[in-house]
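Numbering (the numbering used here), first residue to last: 4 to 108. The beta carbon of each residue, even a glycine, is placed where N, CA and C say it ideally should be. Quick caveat, the model's predicted, so the values are computed rather than measured.
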């Protein structure tokens, strides 16, 4: 059973540290996953998942967090510069990407 709360997790990807904030508050319309680089709070990557899709994976696992961060970097997020913001309003398609990466590794 999922607990509805806000969680903070530190993850290292390619030698850089990130702060992941997972907001699973039940009154929100979707589950929010937001990542900040360790050195700045003005740059972030955010993706929103529907509640239905968020039941199929655990955003709190380091592998899931790092997969999402790598996806953002591969798609143009320049995390080491100030005020670099990237947002995906409907990220349900990323669940399939995460599942494929798990089967390959």
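Residue 14 versus residue 34: straight-line alpha-carbon distance, rounded: 19 Å
Quick one: measure Cβ to Cβ for residue 38 and residue 21, integer angstroms, because I've assumed they're closer than 8 Å. 5 Å
Going by beta-carbon coordinates alone, are residue 24 and residue 9 separated by less than 8 Å? yes
Between residue 59 and residue 98, is the Cβ-Cβ spacing less than 8 Å? yes
Is residue 59 helix, strand or coil when you go by DSSP? coil
Beta-carbon contacts of residue 57 that lie in its chain and below 7 Å, excluding the five residues immediately before and after: 34
Which two residues bound the contiguous beta strand (DSSP E) that contains residue 51? Where residue 51 is concerned, the enclosing beta strand (DSSP E) stretches over 47-53.
Who are residue 37's beta bridge partners in DSSP? 24 and 49
State the DSSP-derived secondary structure class of residue 73, mapped to helix, strand or coil. helix
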